[in-house]
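Protein chains: 2
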Amino acid sequence: MDFDKPPPEPLASAPGFLLSWHGRRTAHAFAENLRQLGLKPPHFGVLRLIAAQPGSTQQELVERSMIDPSSMVAVIDELEELGLAERHAHEGDRRKHAIELTPEGERTLKGAQTIANQTAETVLGPLNARERKDLLILLRKLAGLQ
Amino acid sequence: MDFDKPPPEPLASAPGFLLSWHGRRTAHAFAENLRQLGLKPPHFGVLRLIAAQPGSTQQELVERSMIDPSSMVAVIDELEELGLAERHAHEGDRRKHAIELTPEGERTLKGAQTIANQTAETVLGPLNARERKDLLILLRKLAGLQ
DNA sequence: TATTGTTATACTCTATAACTATA
DNA sequence: TATAGTTATAGAGTATAACAATA
Numbered sequence: 263m264d265f266d267k268p269p270p271e272p273l274a275s276a277p278g279f280l281l282s283w284h285g286r287r288t289a290h291a292f293a294e295n296l297r298q299l300g301l302k303p304p305h306f307g308v309l310r311l312i313a314a315q316p317g318s319t320q321q322e323l324v325e326r327s328m329i330d331p332s333s334m335v336a337v338i339d340e341l342e343e344l345g346l347a348e349r350h351a352h353e354g355d356r357r358k359h360a361i362e363l364t365p366e367g368e369r370t371l372k373g374a375q376t377i378a379n380q381t382a383e384t385v386l387g388p389l390n391a392r393e394r395k396d397l398l399i400l401l402r403k404l405a406g407l408q
Numbered sequence: 263m264d265f266d267k268p269p270p271e272p273l274a275s276a277p278g279f280l281l282s283w284h285g286r287r288t289a290h291a292f293a294e295n296l297r298q299l300g301l302k303p304p305h306f307g308v309l310r311l312i313a314a315q316p317g318s319t320q321q322e323l324v325e326r327s328m329i330d331p332s333s334m335v336a337v338i339d340e341l342e343e344l345g346l347a348e349r350h351a352h353e354g355d356r357r358k359h360a361i362e363l364t365p366e367g368e369r370t371l372k373g374a375q376t377i378a379n380q381t382a383e384t385v386l387g388p389l390n391a392r393e394r395k396d397l398l399i400l401l402r403k404l405a406g407l408q
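Heads up: the protein sequence lines correspond to chains C and U, in order.
Per this note's numbering, the first sequence starts with residue 263, numbered consecutively.
Per this note's numbering, the second sequence starts with residue 263, numbered consecutively.
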């Protein structure tokens, strides 16, 4: 898709379409920038969740990520193949895995976070600080938060 | 996906993620509501464009819709199967088609527009009129419009 | 019986390239 | 040679159901 041009009218006047367009554009830009690390957005999201709570089970990661269980298996498989995370034995329940970051996983997470910040900076470029703050507040309210 | 609950933190604090989430949620809600007419969002978008400029060629619809040429073929095929639009001969260039709405296409478009309005009303529910206006202005500016 | 993780599968959406008929 | 439309295909992303191991 071509996100260099703004969407044509009358689409650009429909809030619903604009939300959808921005969502796709933002996700696309982020995915594009993350590729230099060999990661996709779900990898980044899960790396962050593991870092926030090392030793989480896959179920717990599913609950905090909006990624379904079978996709989570694939994401963690890939993180293991990349040497960024590991499934460890879970104390007390042999069905569960305790997911941990490797040292390289922690380093990669920092790099990905930098890329995420740069992407946000680029995407939000047309807005000044005040407008960005307003937008975040509106989007959070729209999502039913606060 | 489950859009009933707001996205979990820390995702809900990242503007990029929120944009992406709202986009998917909005598109999902619209698609869900449109299904009662047997339509998908691209059908609605193209119906609107045909109504705005009857006799458009497929190329022209592609340019105004962000739908690529091969997908446009499929969309118009389906609109024809549904009896909502027709390919007519284009005067002066036999490669081109002049796309027209049928009377039923015009009726269905009105119904779809109503559904679009209801969906927007539901999605934007948490915001008051002032906030909706502000959001639209911010989203348009963010898209590089105006 | 219920839960955790896994596998296999199917489905939607989109993108790409090659083809035809016309210009 | 270039353009309009078409076809076939492949890829990404996601969803679903069935399964094994363990509780």
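Glycine included, every Cβ here is placed at the ideal spot set by N, Cα and C.
Since we're looking at a predicted model, the values are computed, not measured.
Looking at the unbroken alpha helix (DSSP H) that takes in residue i, where does it start and where does it end?
i, result
"C:LEU310", "Leu is not the amino acid found at residue 310 of chain C; the sequence shown has Arg there. From DSSP, the alpha helix (DSSP H) with C:ARG310 extends over 303-314."
"C:LYS403", "391-404"
How about residue i and residue j: do their beta carbons lie closer than 8 Å?
i, j, result
"C:ALA293", "C:PRO303", "yes"
"C:LEU344", "C:MET334", "no"
"U:LEU404", "C:HIS284", "yes"
"U:GLU393", "C:LEU400", "yes"
"C:MET328", "U:PRO269", "yes"
"C:PRO388", "U:LEU398", "no"
"U:THR288", "C:LEU281", "yes"
"C:LEU341", "C:GLU366", "no"
"U:ALA374", "U:LEU296", "yes"
"U:ARG310", "U:LEU371", "yes"
"C:ALA391", "U:ARG402", "no"
"U:HIS359", "U:GLN320", "yes"
"U:HIS305", "U:VAL337", "yes"
"C:ASP266", "U:ASP396", "no"
Beta strand (DSSP E) containing residue i: first to last residue?
i, result
"U:GLU294", "First-last for U:GLU294: 277-296, but that is the alpha helix (DSSP H), not the beta strand (DSSP E)."
On the premise that residue j lies in contact with residue i, defined as a C-beta separation below 8 Å, what is that separation, rounded to the nearest angstrom?
i, j, result
"U:ILE361", "U:SER318", "6 Å"
"U:LEU363", "U:PRO316", "7 Å"
ask   = According to a CB-to-CB cut-off of less than 9 Å, which residues of the segment 285-309 of chain U neighbour chain C?
value = GLY285, ARG286, ARG287, THR288, ALA289, ALA291, PHE292, PRO303 and GLY307
key: Residues within the segment 320-339 of chain C neighbouring chain U, beta-carbon criterion of under 9 Å   = GLU325, ARG326, SER327, MET328 and ASP330
query = Curious, which full-length alpha helix (DSSP H) runs of at least 4 residues does the segment 313-380 of chain C contain?
reply = 320-325 and 331-343
ask   = In chain order, what residues of the segment 369-400 of chain U put their CB closer than 8 Å to some CB of chain C?
value = ALA378, THR381, ALA382, VAL385, LEU386, PRO388, LEU389, GLU393, ARG394, ASP396, LEU397, LEU398 and LEU400
inquiry  = Any C-beta of chain C within less than 7 Å: which residues of the segment 342-373 of chain U qualify?
reply    = none
message = Counting only Cβ-Cβ distances shorter than 9 Å, please list the residues of the segment 271-283 of chain C near chain U, keeping chain order.
response = GLU271, PRO272, LEU273, ALA274, SER275, ALA276, PRO277, GLY278, PHE279, LEU280, LEU281, SER282 and TRP283
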